[in-house]
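J.: Throughout the sequence shown, residue numbering follows numbering that gives the first Met the number 0, covering 0 to 205 in sequence.
Here it is, the structure, as structure tokens.
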Amino acid sequence: MVRPPPHHRPTPRKTPRQPRSVETVAVLVEAAARILEQHGPGGFTTNAVAGRAGVSIGSLYQYFPGKEALIGALIVRETGQLIADWERDATAPDGAQALTDMIGSAVAHQLKRPALARLLDVEEARLPFDRDTRRVSDRLRALLLEVLARPDLPHQPDPEVAAADVLAIIKGMIDAAGERGEGDQPLLVRRVRRAVDGYLNSSDHV
């Protein structure tokens, strides 16, 4: 009997607190990333991850109930790195520079490990976000909302909608470029910025 997929992505069993435990979890998550990059979802198993990490399967299950939780932790790690970059970018002296820097960071993040990024995009869409993945996604949107409120950028009648739309433009264009195997980061940044500018300067969106 085939079980239906879970409605929500499982979360890690516990949060590591001791340095050794933190290191073990980090090694497991990186091992998950490398298995996905090299073998794809078909070769992604908890046994493969444990073997790549050099730990017992029992040690893996101390922290992760299964591979879905590992993927969730990997999504949180990767998106968390982008959040840190965007938090830095948002401190630029004006909104225009902050927005360009944020687009640049998103492009660099996607193209640094393109195969992994594409696989995680699929995984994000396959199952609803758990609390942690939803939190980091909300943070990206909040940072973008702050930047779009800068006085040097065009006023948006509905800032919340504008932030969501701009985030979708950035993500959609960069994901598509990654799928095509593009590698010219400066060119992609300029194209995404042109699309975002077209949206922000449009008078017909609400």
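All C-beta atoms, glycine included, are put in the ideal place defined by N, C-alpha and C.
Exposed or buried, Q155, counting other C-beta atoms within 10 Å across all chains shown (16 or more means buried)?
T.: Buried, because 16 or more other Cβ atoms sit within 10 Å of the Cβ of Q155.
J.: Do E159 and L144 have their CB atoms nearer than 8 angstroms?
T.: yes
J.: Determine, using beta-carbon pairs with one atom in the region 185-192 and one in the region 96-115, whether at least three such pairs fall under 8 angstroms.
T.: Put simply, the region 185-192 touches the region 96-115. At least three CB pairs are less than 8 angstroms apart.
J.: Rounding to the nearest angstrom, what Cα-Cα distance links G53 and L59 in this structure?
T.: 10 angstroms
J.: Is it the case that the CB of P18 approaches a heavy atom of the ligand COA more closely than 7 angstroms?
T.: Looking at this structure, you won't find the ligand COA or any other ligand, since it has none at all.
J.: Please specify which runs of the beta strand (DSSP E), each continuous and at least 3 residues long, are wholly inside the region 86-119, giving them in chain order.
T.: none
J.: Please state the DSSP three-state secondary structure of G182.
T.: coil
J.: Consult DSSP for L152 and reduce its assignment to one of helix, strand or coil.
T.: coil
J.: Measuring CB atoms only, is the region 83-95 touching the region 34-54, in the sense that at least three cross pairs come out at less than 8 angstroms?
T.: no
J.: Short of 6 angstroms in beta carbon distance, which residues of its chain neighbour A47, apart from the five on each side in sequence? Order them along the chain.
T.: Only I34 meet the Cβ criterion.
J.: For D164, does the three-state DSSP call read helix, strand or coil?
T.: In the structure shown, D164 sits in a helix (DSSP, three-state: H, G or I).
J.: Sort I102, A31, T23 by Cα distance to L118 and report the nearest one.
T.: A31
J.: Please classify I56 as buried or exposed, where buried requires at least 16 other C-beta atoms within 10 Å of its C-beta.
T.: exposed
J.: Spatial neighbours of L199 within its chain, please: CB distance less than 6 angstroms, with the 5 preceding and 5 following residues excluded, ordered by chain position.
T.: P153
J.: Run the CB neighbour count on G197, radius 10 Å, all protein chains shown included, and call it buried at 16 or more, exposed below.
T.: exposed
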